[in-house]
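Worksheet for the structure shown next.
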Amino acid sequence: MGEELSRVLRAFTAPAKLEVLRLLWKYEDGLSRKELHRLIDRHRSRIDHVVQFLKKLGVVDWNRELRRYILTDSGRKVFLAIKYIEECVNNAKNKKSKTRKNIKGHAKRKT
(Lines of atoms letter the chains of each structure in order from A; the text may use other names.)
(Lines give C-alpha, C1' and ligand atoms only; values in the text may rest on other atoms or scores of the structure.)
Protein backbone atom coordinates (compact mmCIF):
# COMPACT_ATOMS: atom_id res chain seq x y z
CA MET A 5 0.00 0.00 0.00
CA GLY A 6 2.86 2.36 0.79
CA GLU A 7 4.32 1.91 -2.69
CA GLU A 8 0.93 2.60 -4.28
CA LEU A 9 0.47 5.77 -2.22
CA SER A 10 3.97 6.90 -3.12
CA ARG A 11 3.29 6.34 -6.83
CA VAL A 12 0.03 8.28 -6.67
CA LEU A 13 1.60 11.16 -4.77
CA ARG A 14 4.43 11.38 -7.30
CA ALA A 15 1.84 11.59 -10.08
CA PHE A 16 0.21 14.65 -8.51
CA THR A 17 3.06 16.41 -6.78
CA ALA A 18 5.39 16.98 -9.70
CA PRO A 19 6.06 20.74 -9.62
CA ALA A 20 4.21 21.61 -12.84
CA LYS A 21 1.16 19.51 -11.92
CA LEU A 22 1.04 20.90 -8.42
CA GLU A 23 1.32 24.42 -9.79
CA VAL A 24 -1.67 23.86 -12.10
CA LEU A 25 -3.70 22.35 -9.24
CA ARG A 26 -2.84 25.25 -6.91
CA LEU A 27 -3.84 27.86 -9.48
CA LEU A 28 -7.12 26.15 -10.27
CA TRP A 29 -7.79 25.89 -6.53
CA LYS A 30 -7.04 29.57 -6.08
CA TYR A 31 -9.18 30.68 -9.03
CA GLU A 32 -12.41 28.82 -8.29
CA ASP A 33 -14.06 30.12 -11.47
CA GLY A 34 -11.32 28.41 -13.45
CA LEU A 35 -8.73 29.73 -15.83
CA SER A 36 -8.65 30.05 -19.58
CA ARG A 37 -5.78 28.43 -21.41
CA LYS A 38 -4.21 31.84 -22.05
CA GLU A 39 -4.49 32.84 -18.36
CA LEU A 40 -2.94 29.56 -17.28
CA HIS A 41 -0.01 30.07 -19.66
CA ARG A 42 0.47 33.62 -18.41
CA LEU A 43 0.47 32.64 -14.73
CA ILE A 44 2.83 29.68 -15.05
CA ASP A 45 6.38 30.41 -16.07
CA ARG A 46 6.85 27.30 -18.21
CA HIS A 47 6.74 26.47 -21.88
CA ARG A 48 3.20 26.31 -23.26
CA SER A 49 3.53 22.79 -24.59
CA ARG A 50 4.59 21.60 -21.12
CA ILE A 51 1.55 23.19 -19.49
CA ASP A 52 -0.76 21.72 -22.14
CA HIS A 53 0.77 18.30 -21.53
CA VAL A 54 0.27 18.63 -17.76
CA VAL A 55 -3.35 19.76 -18.17
CA GLN A 56 -4.09 16.87 -20.54
CA PHE A 57 -2.57 14.44 -18.02
CA LEU A 58 -4.70 15.88 -15.20
CA LYS A 59 -7.80 15.75 -17.44
CA LYS A 60 -7.08 12.09 -18.16
CA LEU A 61 -6.95 11.43 -14.40
CA GLY A 62 -10.27 13.22 -13.96
CA VAL A 63 -9.09 16.02 -11.68
CA VAL A 64 -9.28 18.84 -14.24
CA ASP A 65 -12.00 19.47 -16.80
CA TRP A 66 -12.65 21.94 -19.61
CA ASN A 67 -15.88 23.91 -19.19
CA ARG A 68 -17.07 24.57 -22.73
CA GLU A 69 -19.57 27.24 -21.74
CA LEU A 70 -17.07 29.29 -19.78
CA ARG A 71 -14.09 28.22 -21.93
CA ARG A 72 -12.08 27.59 -18.78
CA TYR A 73 -10.23 24.78 -17.06
CA ILE A 74 -11.75 23.94 -13.68
CA LEU A 75 -11.03 21.49 -10.88
CA THR A 76 -13.49 18.63 -10.69
CA ASP A 77 -14.84 17.41 -7.35
CA SER A 78 -12.20 14.67 -7.47
CA GLY A 79 -9.58 17.33 -8.16
CA ARG A 80 -10.66 19.27 -5.09
CA LYS A 81 -10.40 16.14 -2.95
CA VAL A 82 -6.95 15.34 -4.33
CA PHE A 83 -5.76 18.89 -3.72
CA LEU A 84 -7.12 18.88 -0.15
CA ALA A 85 -5.33 15.58 0.48
CA ILE A 86 -2.07 17.04 -0.84
CA LYS A 87 -2.49 20.14 1.36
CA TYR A 88 -3.17 17.90 4.37
CA ILE A 89 -0.05 15.82 3.71
CA GLU A 90 2.07 18.97 3.27
CA GLU A 91 0.72 20.30 6.57
CA CYS A 92 1.51 17.02 8.35
CA VAL A 93 5.05 17.00 6.97
CA ASN A 94 5.59 20.63 8.02
CA ASN A 95 4.24 19.92 11.51
CA ALA A 96 6.53 16.92 11.83
CA LYS A 97 9.53 19.02 10.75
CA ASN A 98 8.62 21.74 13.27
CA LYS A 99 8.27 19.22 16.10
CA LYS A 100 11.61 17.69 15.17
CA SER A 101 13.37 21.07 15.19
CA LYS A 102 11.73 22.03 18.52
CA THR A 103 12.89 18.74 20.03
CA ARG A 104 16.44 19.43 18.90
CA LYS A 105 16.29 22.93 20.40
CA ASN A 106 14.98 21.52 23.69
CA ILE A 107 17.74 18.94 23.80
CA LYS A 108 20.38 21.59 23.16
CA GLY A 109 18.85 23.92 25.73
CA HIS A 110 18.59 21.12 28.29
CA ALA A 111 22.25 20.19 27.77
CA LYS A 112 23.30 23.79 28.38
CA ARG A 113 21.47 23.94 31.70
CA LYS A 114 23.18 20.79 32.98
CA THR A 115 26.71 22.06 32.35
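Residues in the sequence shown are numbered consecutively from 5, following the numbering used here. Backbone N, C-alpha and C fix where the C-beta goes; we use that ideal spot for every residue, glycine too. Predicted model, so just to flag it, every value in this text is computed and none were measured.
Return the chain-ordered ranges of every alpha helix (DSSP H) run that is complete within the segment 21 to 109 and spans a minimum of 4 residues.
37 to 43 and 48 to 61
Rounding to the nearest angstrom, what Cα-Cα distance links K21 and L28 in this structure?
So the alpha carbons of these two residues sit roughly 11 Å apart.
Rounded C-beta distance between L40 and Y73? I'm assuming under 8 Å.
Between Y73 and L40 the Cβ distance is about 6 Å, and since that is below 8 Å, they are a contact.
Determine the direct distance from the alpha carbon of S78 to that of V63, and round the result to whole angstroms.
5 Å
C-alpha gap between K97 and R42, whole angstroms
34 Å
Assigned exposure category for L70 - 16 Cβ within 10 Å defines buried
exposed
Please return the same chain residues whose Cβ sits closer than 8 Å to the Cβ of I51, not counting the five positions on each side in sequence.
A20, V24, L40, H41 and I44
Label V54 either buried or exposed according to how many other C-beta atoms from any shown protein chain fall within 10 Å of its C-beta, with 16 as the threshold for buried.
buried
Reduced DSSP secondary structure (H/G/I, E/B, other) of A15:
Three-state result, A15: helix.
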